[in-house]
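Worksheet: the structure to be examined is printed underneath.
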Amino acid sequence: MKELSLNILDIAQNSLRANSTHIEIDLTEDKTSLCFTIRDDGCGMTPEFLSRVTDPFSTTRTTRSVGLGLPFLKMQAEMTGGCFSIESKAKQISPELHGTVVSATFIKTHIDFIPLGNIVDTLCALVMGAGEVDVTFVHRMPEREVSFSTREMREMLGEGIPLSAPEVIAWLREYLLDAYAAA
Ligand SMILES: Nc1ncnc2c1ncn2[C@@H]1O[C@H](COP(=O)(O)OP(=O)(O)O)[C@@H](O)[C@H]1O
Ligand SMILES: [Mg+2]
8 MKELSLNILD IAQNSLRANS THIEIDLTED KTSLCFTIRD DGCGMTPEFL SRVTDPFSTT
68 RTTRSVGLGL PFLKMQAEMT GGCFSIESKA KQISPELHGT VVSATFIKTH IDFIPLGNIV
128 DTLCALVMGA GEVDVTFVHR MPEREVSFST REMREMLGEG IPLSAPEVIA WLREYLLDAY
188 AAA
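Spelled out as structure tokens, the structure:
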């Protein structure tokens, strides 16, 4: 993949498929590293499944595109001298508190580092496809941060206006573009 933001979208799509109600994306950057964490409250994975999940042949899907998924993210992060971790609690084992946390750290100065790319369009695509699922995003940079929460957007918009409405997505895009331009 040519953009790290597509990795973020791919991992968030795992969370959507896991029937999460809330997905939190946390992106923290400094001069030399970029770290992202994606946390969900979805169905989670059993320890047995989790131990195999970074194996490129482990999927519950019947079709997949090559070059995506957890094994690829792990490889990409480690190629830059960074690291990858995943923790998960399965709903069937822990009915009260379940979900998954995926973290990846990239070393930005490494030759194999892939830039973040178009994070604004990626986030808009995610919100457009998320339906009722809430998304919280924060991007911490040395000087400032960019953030949004679909829960707050829903409160602002009131009942009956889906976040996937073109005007809402257009507003989110403008909001994020302005926030990044000021950053
Ligand atoms: N956040 C998640 N919650 C629950 N299960 C997950 C999550 N992320 C990944 N999985 C499980 O791990 C498998 C492998 O994920 P991934 O490497 O992204 O490949 P793919 O999504 O193409 O199957 C998925 O098919 C799914 O069963
Ligand atoms: Mg996937």
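Under the numbering used here, the first residue of the sequence shown is numbered 8, with each subsequent residue one higher.
For every residue, glycine included, the Cβ atom is placed at its ideal position computed from N, Cα and C.
| task | Could you check what DSSP says for residue 140 in three-state terms: helix, strand or coil? | result | coil
* Beta-carbon spacing of residue 51, residue 106 below 8 angstroms -> yes
Q | the stretch 146-164 in contact with the stretch 82-95 per 3-pair CB rule at 8 angstroms | A | no
Which word fits residue 136, buried or exposed, when buried means at least 16 other C-beta atoms lie within 10 angstroms of its C-beta? exposed
Quiz item: What is the C-beta distance between residue 61 and residue 81, in whole angstroms, given that I count them as a contact (C-beta under 8 angstroms)?
Solution: 5 angstroms
Notebook entry, point to check: residue 47 lies in the beta strand (DSSP E); which residues open and close that run?
Noted result: 40-47
Expected contact under 8 angstroms - CB spacing of residue 129 and residue 142 to nearest Å: No, residue 129 and residue 142 are not in contact; Cβ-Cβ is about 11 angstroms, not under 8 angstroms.
* In three-state terms, what does DSSP make of residue 186? -> helix
Inter-residue CB distance, residue 28 and residue 140 (contact presumed, cutoff 8 angstroms):
6 angstroms
- Query: Where does residue 96 fall in DSSP's three states?
  - Reply: strand
- Message: Excluding the 5 residues flanking residue 87 on each side, which residues of the same chain have their C-beta closer than 7 angstroms to its C-beta?
- Response: 113, 114, 117, 119, 120
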